[in-house]
Each structure stands twice: as structure tokens, then as C-alpha cells.
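Residues in the sequence shown are numbered consecutively from 49, following our numbering.
Each residue gets a CB set at the ideal place from its N, CA and C atoms; glycine is no exception.
Since the structure is predicted, the reported quantities are computational estimates derived from the model, not experimental observations.
Okay, so here's the structure we're looking at.
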Amino acid sequence: MSLSIDLAKKNFIELKKKANDVASSLGLGNQKAKVALALDISGSMASTFKNGTVQKVVEELLALGVKFDDNQAIDIFLLGSVTMKSENW
């Protein structure tokens, strides 16, 4: 099974602006945190990849991540039959 996530620059910029607006409206404009994504890539998730659910969640998380992450680098962990950290790809 080959699945991919496409991060179109235009959509990402729009999501990043929304994340900034929401954070500011909640008084979280200067908040920093460690942001990580654990992504289930097992076969049982295939339908959520195909229907765009995973795509949408990843785009939104990355937009929030660059806003809040302390070094704007989001750790990504892939969970399937073997767990991997993104630097191991």
C-alpha cells in the first residue's frame, strides 16, 4: 500500500494564518510547546488516508506546530507493524 500526504504551500500558508489568529484570540500568541505527531500507518487506516481525513489532520497539526513548537520542528512517529521516528526514513 502506497499512501502519501501532500502539503500544498498555498493551503499551508492559509492554515498557518488561521492558527496564528486563533492562538492570538485565545491569548496564546507567545505560547511555546513541544509538538509531535504519531501517525498510524497500519492497513486499518487506509480508508482514512484515501478519504482525506489524515491529510486534513496533518495539515492542521503542522500549521499549529510551526506556531507553537519551540524550534518549529515537529517530531513525527509512524506507527504500524514497526514504530519509527521520522529521522529514520
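DSSP places ALA121 outside both helix and strand once states are collapsed to three, so it counts as coil. A distance of 9 angstroms or more separates the beta carbons of LYS115 and ASN59.
Excluding residues up to 5 positions away in sequence, LEU127 lie with their Cβ nearer than 6 angstroms to the Cβ of ASP88 in the same chain. Collapsing the DSSP output to three states places LEU63 in a helix.
With 16 or more neighbouring CB atoms inside 10 Å of its own CB, LEU110 falls in the buried class.
Scanning its chain for C-beta atoms nearer than 7 angstroms, with the 5 sequence neighbours on each side dropped, one finds around LYS82 the residues ASP117, ASP118, in chain order. Put simply, of LYS104, SER129, LEU85 the residue whose alpha carbon is nearest the alpha carbon of ILE122 is LEU85. The three-state reading of DSSP puts LEU74 in coil, since its state is none of H, G, I, E or B.
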